[in-house]
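Heads up, the sequence shown is in our numbering, so the first residue is -6 and it goes up one at a time.
Even glycine gets a Cβ: it sits at the ideal position worked out from N, Cα and C.
Notes follow the structure.
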Amino acid sequence: MPLSELIKSEHSFLNTQHTCRDAIALMEDEMLQQMPLLDESTHQYIALIQYKDVLDWQDEQQLLVHTSLLNYKPAILANAHPFDALKVMRNNELAILPVLDKQQAYLGCLTREDLINYLGQQTAIQQEGAIIVVEVAQKDLSFAEIARICESEQVPIWSMHSYVLPESGRVEITIKTNSVHVSGLVQSIERHNLQVTAVFGDQSRDTDIEDRYDVRRDCHRK
């Protein structure tokens, strides 16, 4: 999904005629912690104003453009991937993220809810199927190999996502399958010397499979 399809163009914004008091009132009305400041004539993005900053500003009557609150300008281009937007929002602890065109003109905002909904679609959360979590060394990481193992067990994959564990540097791979019977697949994965650390949503006859991997995962973390 292109980032442009997630943009909310109707999101409220501040302009160069607004004072600090105006900003406080607007953000309180909208229940927002951040709001973009735009040049109303050109629609150019100036800065992202934060509620906590204007609340602490000594002169509520001062125009925003005459304050020193204009240096904070997180934003993303409309042709970027949603994952890039998620990274910017996470790194800056943002509730909203301004989206710009190549000329730096403001197009609208992304919200956390927008990106959560996007991730839900990308990770097949709504689809039925068990989840298998595998841990490997970075040098042994091969999505193609995991896909081949799943295919050999006739278990199609909805999605696969990876995460580098900060403490060990190993890679955790989350596999969302389209089957609720994956005990055979789990055994096959382990036969290929891949470490299964957790299984969720399995309804195989081996009903204690999830409990076994929960215990193993807890012991591994200790």
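Hey, out of the options, whose CA is closest to residue i's CA?
i                : options                          : result
glutamine 37     : Asp133, Glu21, Asp46 and Lys66   : Lys66
leucine 79       : Ala71, Leu90 and Asn72           : Leu90
phenylalanine 76 : Ile109, Asp52, Asp32 and Glu165  : Ile109
glutamate -2     : Asn72, Leu57 and Thr35           : Asn72
leucine 41       : Gln55, Met82, Glu53 and Thr35    : Met82
asparagine 8     : Trp50, Leu56 and Asp22           : Leu56
glutamine 114    : Val129, Gln188 and Ser152        : Ser152
glutamine 131    : Gly162, Asp15, Ala137 and Val148 : Gly162
glutamine 97     : Ile39, Asn85 and Leu103          : Ile39
serine 155       : Gln54, Ile17 and Val129          : Val129
valine 58        : Leu48, Leu30 and Glu165          : Leu30
serine 34        : Ala137, Leu62 and Tyr99          : Tyr99
isoleucine 0     : Gly101, Ile150 and Thr60         : Gly101
tryptophan 287   : Ile17, Leu25 and Glu23           : With the chain running from -6 to 215 in the structure shown, residue 287 is simply not present.
serine 176       : Leu158, Val189 and Ser197        : Ser197
glutamine 188    : Ala88, Thr167 and Leu70          : Thr167
tyrosine 111     : Thr60, Leu158, Lys169 and His74  : His74
threonine 60     : Thr190, Cys13, Glu160 and Glu165 : Cys13
lysine 45        : Glu3, Thr190, Glu21 and Val148   : Glu21
valine 164       : Ala68, Asn186, Leu48 and Leu134  : Leu134
Around the Cβ of residue i, are there at least 16 other Cβ atoms within 10 angstroms (buried) or fewer (exposed)?
i             : result
valine 208    : Interpretation of valine 208 is limited by its pLDDT of 47, a score under 50 that renders its predicted location unreliable; no figure is taken from the coordinates.
histidine 11  : buried
serine 5      : exposed
valine 192    : buried
leucine -4    : buried
valine 173    : exposed
cysteine 212  : Low confidence applies here, because cysteine 212 scores a pLDDT of 49, under 50, leaving its location unreliable; read the following figure in that light. Label assigned to cysteine 212: exposed.
glutamine 119 : exposed
glutamine 27  : buried
valine 157    : exposed
Among all the DSSP beta bridges, which residues are the ones paired with residue i?
i             : result
lysine 169    : Ile124 and Ser152
proline 91    : Cys102
isoleucine 69 : Val92
leucine 56    : Thr12
Give a yes or no on contact between the segment 180 to 191 and the segment 112 to 128, applying the rule of three or more CB pairs nearer than 8 angstroms. At 8 angstroms Cβ cutoff, the stretches touch.
Pair every Cβ in the segment 92 to 109 with every Cβ in the segment 141 to 148, then say whether three or more of these pairs are closer than 8 angstroms. Touching, no.
Please go through the segment 2 to 48 and give each complete beta strand (DSSP E) segment of 3 or more residues, from N-terminal end onward. If only uninterrupted beta strand (DSSP E) runs of at least 3 residues are considered, those enclosed by the segment 2 to 48 are 27 to 31 and 38 to 43.
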